[in-house]
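Peer 1: Note that the protein sequences, when read in sequence, are chains A and B. At position 261 of the first sequence (counting the first as 1) the number is 261 in this note's numbering, and the numbers step up by one without a gap. At position 302 of the second sequence (counting the first as 1) the number is 1302 in this note's numbering, and the numbers step up by one without a gap. First the structure, which I've put down as structure tokens, then a few questions once you've had a look.
Number of protein chains: 2
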Amino acid sequence: MRDVAIIGIGVTKFGELWDRSLRNLFVEASLKALDDAKASKLDMIYVGCMTSGLFNGQEHLGALMADYLGAAPVPAVRLESACASGGQALATAVAAVGSGLYDVVLAGGVEKMTEVSGGKATEALGAAADADYELFFGATFPSLYAMMATAHMHAYKTAREALTAVAVKNHFHGSKNPNAQYPFEITPEAVLASPLVSEPLHLLDCSPITDGAAAVVVVPLDRVKKNKRAVRVVGFGQATDTLALHQRKDLASIPVVAKAAEAAYKMAGRKPKDIHLAEVHDCFTIAEIMSYEALGFCPKGKGGELILKGGTRLGGKIPVNTSGGLKAKGHPVGATGIAQACEIVAQLRGEAGERQVKGAKVGLTSNMGGSGASAVVHILEVNK
Amino acid sequence: MRDVAIIGIGVTKFGELWDRSLRNLFVEASLKALDDAKASKLDMIYVGCMTSGLFNGQEHLGALMADYLGAAPVPAVRLESACASGGQALATAVAAVGSGLYDVVLAGGVEKMTEVSGGKATEALGAAADADYELFFGATFPSLYAMMATAHMHAYKTAREALTAVAVKNHFHGSKNPNAQYPFEITPEAVLASPLVSEPLHLLDCSPITDGAAAVVVVPLDRVKKNKRAVRVVGFGQATDTLALHQRKDLASIPVVAKAAEAAYKMAGRKPKDIHLAEVHDCFTIAEIMSYEALGFCPKGKGGELILKGGTRLGGKIPVNTSGGLKAKGHPVGATGIAQACEIVAQLRGEAGERQVKGAKVGLTSNMGGSGASAVVHILEVNK
């Protein structure tokens, strides 16, 4: 496989965007990325989206987006792996450019979630879990992650304060990101005072319902060898696990992320200690803590300590979710994996403004589907 | 890109399979394909499925199928391009093996359509069209293809008898396929006596609602160089067009198939006259006639003549849809593109039984999404 780089990025505002449509959001992010890349041609489009059928009554997103982007007859297809759909679109684009088949590929992600009521949105998102063996019995994602949080607190004496600290940190980071859905800080008291959704998870432990899109342009490295704004994709890894939580051996960890990371580290020839910053999948606060452990940023069971000591805050030893994460930036499901890559690219270019991590040269994205049934990890590096 | 071959195929019975589930069907086809391939490892799984969210309340099909296949943590992802989802899964698998990233890849397709009522199924399938600009105004797929049929009949004086002949031929072929949903012959009189769905299309001009799955195993050619049951994938092509029919310049043709075919012929170094048999996307009888023209099997406007002269019947100059096609074999949407490849592989191996095309050495599959907004064409050849 030949070496590959990201040369353009584009992100829309994330939020409740009542006046924007699914296609309109995707096209905005894509045009920004193509403009940033100064791309004059396009060979293939990969669209990450989880459940536009249930949210928007619309499938066939590859052709739809190629059409509205004015790019048809360029081939296009949608990739779906629940909340890891964006990461999968990126991984597939990297493999396709790596194969030599295409030279300029757009990998974008989108979700327009506010077209249905809150209850319907929870139902649509539930389609990432096992419909026959989890949803049928009343499970929802907050309740699945609540069980995982309880298991982690039981196994490792993880403090409630650790969950709270994740939400507070990510809102602090998000306050520096104008595209975030909630670009403001919150207090630990506010987290605990927010309604209990599923014990121990409060409303402010949960990522929100969001509209938004993100896109990147992937090209062979040899086309952008001397371009300092190009960012190299040096490794990626993917894995799966049982869809249903009750079939896992351990509820207090997410082995799918560890497996995907192992493959990515191996491909990149890197170790956890080489990573300067990361965007991880904090769909719920406990997921961020478990991700620290799965990615090797701290030993198993020590994720709570890492956040409480400030290790993952801007200025800490490994800042995590400088974008605000899914919690504060928002979580338009299919867009999330691509938006993570956009944040790391901006950081490695030194273009992250107030939230810039100084000297960042190697970054990681960790995008996860469902309660940990699929994961995609990418490792990005500055262009030497 | 290195050369690639299909070494295993598997297809389930197609039909109204009330006692079978989405996952169960996929696993059956996959195990058959893996067994046929004598595969001892698996590196990646691509699942083609159009709209399991709307049919089954289930997304995240990559991980679900990896899980139920007992293959997790092998990475897996779903590909969606409406009715061309299966073809896209195959194309993505071919590119991934071609890149050198994976050595043994499963590309499968599935749709379980009978879990909802007929009206709901038409609505779910409608998600392949433009939800905002077609469905909202009441369009359904039979009505869109009826307009295309009318345009073709007007532009080229295509006879009603030509449409009828497609249905009759495909049921004749399907009568020789034990896995077909409707493995029996029909008469021209029966086609005309069947209820009018959308003028000029009668019920027997339309492909049915079907449950089913199909799978193939893709490997590098150098691993199976001396294996006569391996079939080489010598070319593939993809393209997109406007999602909405009213935005096309011409309703009497499907340029997206012509563009995908052009790319596939170029990659394979082949011309239409080199093709010995083909599986094409006869979601409605008119679509098969337009496909003949788009694929270069006859001049533009002459598709009606080709079928009426028997050129595409078993024993004709280029047999089309020896499997029974979508019409008689059935059309479990996400499975269709893969099932087409399974038929061509069986034919090129000389294992097609009563429907064997003698001396078949080069075959083509043409899988289309929506009313012609996306298409994927593959060219397969016997292993020398």
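Glycine residues also receive a C-beta, built at the ideal position from the N, C-alpha and C atoms. Only a predicted model underlies this, so the values are computations on that prediction, with no experimental measurement involved.
1. Report yes if the C-beta distance between V1231 of chain B and V1280 of chain B is below 7 Å; otherwise report no.
2. Counting contacts by CB-CB distance shorter than 7 Å, is V218 of chain A in contact with chain B?
3. At what residue ranges does the stretch 1080–1151 of chain B contain a whole run of the beta strand (DSSP E), taking only runs of 3 or more?
4. Do you know whose CA, among B:L1025, B:N1024 and B:D1035, lies nearest G1008 of chain B's CA?
5. Closest Cβ-Cβ distance between D1067 of chain B and chain A: below 7 Å?
6. In chain A, which residues lie less than 8 Å from S1099 of chain B when you measure between Cβ atoms?
7. Identify the continuous alpha helix (DSSP H) that holds Y68 of chain A and give its terminal residues.
8. Name the DSSP bridge partner or partners of T240 of chain A?
9. Determine the closest residue to M419 of chain A out of A:K309, A:M368 and A:A214, with distance taken between C-alpha atoms.
10. Is it right to say G324 of chain A is buried, meaning 16 or more other beta carbons lie within 10 angstroms of its own, or is it exposed?
11. Against R1020 of chain B, what residues of chain A qualify as contacts under a CB-to-CB distance less than 9 Å, listed in chain order?
12. Hey, out of A:C49, A:P142 and A:G212, whose CA is closest to E17 of chain A's CA?
13. Drop a sphere of 10 angstroms on the beta-carbon of E351 of chain A, count the other beta-carbons inside from all chains shown, and report buried for 16 or more, exposed for fewer.
14. For the stretch 1017–1032 of chain B against the stretch 292–299 of chain A, are there 3 or more C-beta pairs whose distance is under 8 Å?
15. Within the continuous alpha helix (DSSP H) that includes G303 of chain A, where are the two ends?
16. Given this structure, state the Cα-to-Cα distance separating S1207 of chain B from S1099 of chain B, to the nearest angstrom.
17. Would you be able to state if there are at least three C-beta pairs under 8 Å between the stretch 75–94 of chain A and the stretch 1159–1168 of chain B?
18. The beta strand (DSSP E) that contains I1007 of chain B, what's its start and end?
19. Give me the residue from A:T240, A:A264, A:M147 and A:G109 with the minimum Cα distance to T200 of chain A.
20. My understanding is that G1235 of chain B touches Y1265 of chain B, with C-beta atoms under 8 Å, so please give their C-beta distance in whole angstroms.
21. Within the same chain, show all residues whose beta-carbon is closer than 6 Å to that of V1362 of chain B, passing over the 5 residues directly before and after it, in chain order.
22. Just list the residues that DSSP pairs A278 of chain A with in beta bridges.
23. Would G62 of chain A count as contacting chain B if we go by Cβ distances under 7 Å?
24. Looking only at its own chain, which residues have a Cβ that is under 7 Å from the Cβ of Y1102 of chain B, when we skip the five neighbours before and after it?
25. For chain A, check one thing: does any of its Cβ atoms lie closer than 7 Å to the Cβ of S1291 of chain B?
26. Is there a Cβ from chain A that is less than 7 Å from the Cβ of K1259 of chain B?
27. At the level of alpha carbons, what is the spacing between T1210 of chain B and G1118 of chain B?
28. Any contact of the stretch 1363–1374 of chain B with the stretch 1239–1247 of chain B, i.e. 3+ C-beta pairs under 8 Å?
29. Which residues in the same chain have their Cβ closer than 6 Å to the Cβ of K1013 of chain B, if we skip the five residues on either side of it in sequence?
30. Compile a chain-ordered list of the residues in the stretch 1233–1252 of chain B whose CB is closer than 9 Å to at least one CB of chain A.
31. Enumerate in chain order the residues of its own chain whose CB-to-CB distance from G53 of chain A is below 6 Å, with the five nearest sequence positions on each side excluded.
32. Please determine, among B:K1120, B:Y1046, B:V1191 and B:L1192, the residue with the shortest C-alpha to C-alpha distance to Q1088 of chain B.
33. Short of 7 Å Cβ to Cβ, which residues in the stretch 1043–1057 of chain B face chain A?
34. At a CB-CB cut-off below 8 Å, which residues of chain B make contact with R78 of chain A?
35. Are the CB atoms of T285 of chain A and L163 of chain A within a distance shorter than 7 Å?
36. Residues in its own chain within less than 7 Å of L1061 of chain B by CB, not counting five upstream and five downstream?
Peer 2: So, to answer that:
1. no
2. no
3. 1105–1112
4. B:D1035
5. yes
6. M1, A95, A96, G98, S99, G100 and L101
7. L61 to Y68
8. A:S374
9. In the structure as shown, chain A begins at 1 and stops at 384. Residue 419 of chain A is therefore absent and cannot be evaluated.
10. buried
11. Near R1020 of chain B there are no residues of chain A at all, since even the closest Cβ is about 13 Å away, more than 9 Å.
12. In the sequence under discussion, the amino acid at residue 17 of chain A is Leu, which differs from the Glu named in the question. Cα-wise, what sits closest to L17 of chain A is A:G212.
13. exposed
14. no
15. G303 to L308
16. 36 Å
17. no
18. V1004 to V1011
19. Here residue 200 of chain A turns out to be Pro, not Thr, going by the sequence shown. Of A:T240, A:A264, A:M147 and A:G109, the residue nearest in Cα terms is A:M147.
20. 7 Å
21. D1274, I1275, H1276 and E1381
22. A:V320 and A:L364
23. yes
24. D1043, M1044 and A1096
25. no
26. yes
27. 11 Å
28. yes
29. N1179
30. G1237, Q1238, A1239, T1240, D1241, T1242, L1243, A1244 and Q1247
31. E59
32. B:Y1046
33. M1050, T1051, G1053, L1054, N1056 and G1057
34. L1079, E1080 and S1081
35. yes
36. V1047, C1049, S1052 and R1078
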